[in-house]
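Asks: Chains as they are written, first to last, in the numbering used here: chain A, 925 to 1027; chain B, 1079 to 1388; chain C, 112 to 213.
All residues carry an ideal CB built from backbone N, CA and C; glycine is no exception.
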Amino acid sequence: MTDPTLYAVTGAALVGIGFYGLLSARHLLRRVIAFNVIGSGLFVFFGAAGARGETVDPVPQALIITGIVVALSASALAVGLIAAQARARARATLPDEDRGGDA
Amino acid sequence: MTLLLDVTLCAFVLGIALAAVAGHGVFRAVVFFIVYGLLLSVAWVRLDAVNVALAEAAIGGGLTGVLLLTTYGKLARDGAEAGAMGGGFNLPVGLICAGLSGALVWAWFALPLPDAPGPQTAEALPRAGAGNPVTAVLLNFRAWDTLLESVVLLTALIGVWILGRDEDWHARLGLPQHSRPGGVMAGFGRVLPPVGFLVGVYLVYVGADHPGGAFQGGTVLAAVGLVAALAGQIRPPRISDWQWRAALVVGPLVFITSGLAGAMFFGGFLTLPADIAAGAIFAIEAALAVSIAVTLALLVIGPPQAGHRA
Amino acid sequence: MPIPDHATLATYATYAFTGVGLFFFIAGTVGILRFPDVFSRLHALTKADNLGLGFITLGVAFQADTWRDIAVLALIWALALVAAGTVSQLIARDALAERDGR
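(1) So within the region 134-180 of chain C, which uninterrupted alpha helix (DSSP H) runs reach at least 4 residues, ignoring any that extend past its ends?
(2) Are at least three pairs of beta-carbons, each pair with one atom in the region 112-119 of chain C and one in the region 1255-1271 of chain B, less than 8 Å apart?
(3) Compare the C-alpha of W1322/B against each of E1245/B, F1343/B, I1240/B, L1232/B and name the closest.
(4) Can you give the Cα-Cα distance for D1287/B and P1204/B, rounded to whole angstroms?
(5) Assign E1390/B to one of two classes, buried (16 or more other C-beta atoms within 10 Å of its C-beta) or exposed (fewer than that).
(6) Which residues bound the alpha helix (DSSP H) around D1223/B?
(7) If we count Cβ pairs, one from each stretch, closer than 8 Å, do we get three or more for the region 1217-1230 of chain B versus the region 1297-1313 of chain B?
(8) What are the start and end residues of each continuous beta strand (DSSP E) run of 3 or more residues lying completely inside the region 928-984 of chain A, in chain order?
(9) Sort V1130/B, L1125/B, L1374/B, V1284/B by Cα distance to A975/A and report the nearest one.
(10) Given that a residue counts as buried once 16 or more other Cβ atoms are within 10 Å of its Cβ, and exposed if not, what is A958/A?
(11) Is there a Cβ of chain B sitting closer than 8 Å to that of P982/A, yes or no?
(12) Can you tell me the Cα-Cα spacing of I1240/B and T990/A, whole angstroms?
(13) So, is the C-beta of Q200/C closer than 8 Å to a C-beta in chain B?
(14) Output yes if chain C places a C-beta closer than 8 Å to the C-beta of F1266/B; else output no.
(15) Please determine, among V933/A, L938/A, D927/A, R950/A, the residue with the shortest C-alpha to C-alpha distance to L1018/A.
(16) Rounded to the nearest angstrom, how far is the Cβ of V961/A from that of L1182/B, given a contact under 8 Å?
(17) On a CA-only basis, which of G977/A, A1000/A, G965/A, T979/A is nearest I988/A? Give me that one, please.
(18) According to DSSP, is L1374/B part of a helix, a strand, or is it coil?
(19) With a threshold of 8 Å between beta carbons, is P928/A in contact with chain B?
(20) Could you have a look at G1161/B and say whether DSSP puts it in helix, strand or coil?
(21) Between the Cα of L953/A and the Cα atoms of L1147/B, G1157/B, A1352/B, A1339/B, which residue gives the shortest distance?
(22) Please list the terminal residues of the continuous alpha helix (DSSP H) segment that includes P1211/B.
(23) Could you tell me which chain C residues have their CB closer than 9 Å to the CB of L1225/B, listed as they occur along the chain?
(24) Counting pairs of Cβ atoms below 8 Å between the region 1138-1147 of chain B and the region 1111-1121 of chain B, do you hit three or more?
(25) List, in chain order, every chain B residue whose beta-carbon is nearer than 9 Å to that of V193/C.
(26) Within this structure, are the beta carbons of A1007/A and F969/A separated by less than 8 Å?
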């Protein structure tokens, strides 16, 4: 058993990194990746909170598993939307952010 | 010594997340994201959460990575590939995000330390019907969340189907796949499915008392189906194929039925009395694993596309 | 010097084999970074990395409690081998087609 504070800090940093990616990326796939990084960072933070007592708490773990599956569903839907948009406009960026090229 | 391991692991996780989010090139970002998922599952093992590690490796790293890679291929096919890298480091946004991380760290130190994990959980676990506490929580104590989650999966699948073209609605799902007969992919598609099927079913079965469970096993089964489809061994279904639709809904249906039975006979929706809990959990998990496997595989395969050989 | 007992012998064996596996992984990584083209990098990736995985599996097997655990470890290594072999073949074939201009 390890001290979970290190992992909590990592999770917090991951949330920050993910939000930076979400706000500053123009290519839509990068936004899906950033969204997943935010989600997994939050899960690590939550899981570290559950590992703080003497015995590990199973309720956060169950909720995190649920969260992972729901994040996958959201990513699948997002990725379907991106593919449909690319089919219609041959572009992987949103119309008002289009500057020819990705970030 | 273990502190060194943890520090190295966290440093790698952060570095790879940075590369995935802000690196050059979208394809490289996707590959780094897959590596990130795998490293994160090692971190979950360090946090004493083996069930979550299995789920993260299979779903977070594996399936999400496959989803992103296939979409990258579709974008390239439609001529929407990435161009040159644009813009440098965005300082205001960077500061806001650093502030967000700092707020979370502050919240961590301000949180009160819990006593032994929920005394009610600890004393109810022996009556739950499963030796694995996470399975007990997922399928008994918080079964409501799991039921809704299985329905969310189904809803996402319907959303993905709607995103195909109108005229393709009756075609088979996904892009047509083929492999060289006698080639490596065809051989792989024959060798892997039996072993993978065994591993997946075992993960579902053993999840009652050891790390595993319906989600982890279902994902392995979905992956096996995807490999077989990629090798051209099985053809993806049409939306109108009723057997596949039945497989999609059998999980949520069994779950809802058990919940209604609980409401009628045992005093509450999704209540499981201690003597039948083990059997009920096993039945629900089996049905759920089938639905999860089919739903996840079809989520990755995508909307119906024209071009199949019929 | 008396022969050390089984547990210490097992620990030494684990250290030795894991060390050899680590060496192969480092060699494979250096190869991926320094080799000039796709095909030689695939050599480094498949051969060195899988051999390294095999040695690490062998080292970990000395810490296993039952024969069943060792069988599961062997299955893991076999599956990793099959997957890596297939994927490297497919990548190589694709790179060959791209180089010859399809």
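Replies: Put simply:
(1) 149-154, 160-172
(2) no
(3) For the purposes of this step, residue 1322/B is taken as the residue at position 244 of the second sequence. Of E1245/B, F1343/B, I1240/B, L1232/B, the residue nearest in Cα terms is L1232/B.
(4) Here residue 1287/B corresponds to residue number 209 of the second sequence, with the count starting at 1. Here residue 1204/B corresponds to residue number 126 of the second sequence, with the count starting at 1. Rounded to the nearest angstrom, the two C-alpha atoms are 12 Å apart.
(5) Residue 1390/B falls outside the range modelled here, since chain B spans only 1079 to 1388, and no answer is possible.
(6) Locating residue 1223/B in the second sequence gives position 145, where the first residue counts as 1. Residues 1221-1240.
(7) no
(8) none
(9) Locating residue 975/A in the first sequence gives position 51, counting from the first residue. Checking every option, the nearest Cα to that of A975/A belongs to L1125/B.
(10) Here residue 958/A corresponds to residue number 34 of the first sequence, with the count starting at 1. That one is buried.
(11) Counted from its first residue, the first sequence places residue 982/A at position 58. Chain B contact via Cβ: present.
(12) In the second sequence, residue 1240/B corresponds to position 162, counting from 1. In the first sequence, residue 990/A corresponds to position 66, counting from 1. Their Cα atoms are separated by approximately 24 Å.
(13) Here the question's residue 200/C lines up with position 89 in the third sequence. Yes, Q200/C counts as interfacial toward chain B.
(14) Reading the second sequence from its first residue, position 188 is the one you call residue 1266/B. Yes - at least one Cβ of chain C is within 8 Å of the one on F1266/B.
(15) Reading the first sequence from its first residue, position 94 is the one you call residue 1018/A. Checking every option, the nearest Cα to that of L1018/A belongs to R950/A.
(16) As a first step, residue 961/A is located in the first sequence; it is residue number 37 there, counting from the start. As a first step, residue 1182/B is located in the second sequence; it is residue number 104 there, counting from the start. With 8 Å as the limit, V961/A and L1182/B do not qualify as a contact, their Cβ atoms being about 14 Å apart.
(17) Residue mapping note: residue 988/A aligns to position 64 of the first sequence, counting from 1. Nearest option by C-alpha distance: G965/A.
(18) Counting from one through the second sequence, the residue named residue 1374/B turns up at place 296. Helix at L1374/B.
(19) By one-based count along the first sequence, residue 928/A stands at place 4. Output row for P928/A: interface = yes.
(20) Counting from one through the second sequence, the residue named residue 1161/B turns up at place 83. Any reading at G1161/B is ruled out, since the residue's pLDDT is 49, under 50, leaving its predicted position unreliable.
(21) If you number the first sequence from 1, residue 953/A lands on position 29. For L953/A, the nearest C-alpha among the options comes from L1147/B.
(22) What you label residue 1211/B is simply residue 133 of the second sequence in a count that begins at 1. P1211/B -> alpha helix (DSSP H) spans 1211-1214.
(23) Position 147 of the second sequence, counting from 1, holds the residue named residue 1225/B. Ordered by position in chain C, no residue passes the 9 Å Cβ test against L1225/B, which lies about 33 Å from the chain.
(24) yes
(25) Taking the third sequence and counting its residues from 1, the one referred to as residue 193/C is at position 82. Neighbours of V193/C on chain B, chain order: F1266, V1269, L1270, V1273.
(26) Here residue 1007/A corresponds to residue number 83 of the first sequence, with the count starting at 1. Here residue 969/A corresponds to residue number 45 of the first sequence, with the count starting at 1. No; because the gap between Cβ atoms is not below 8 Å, this pair is not in contact.
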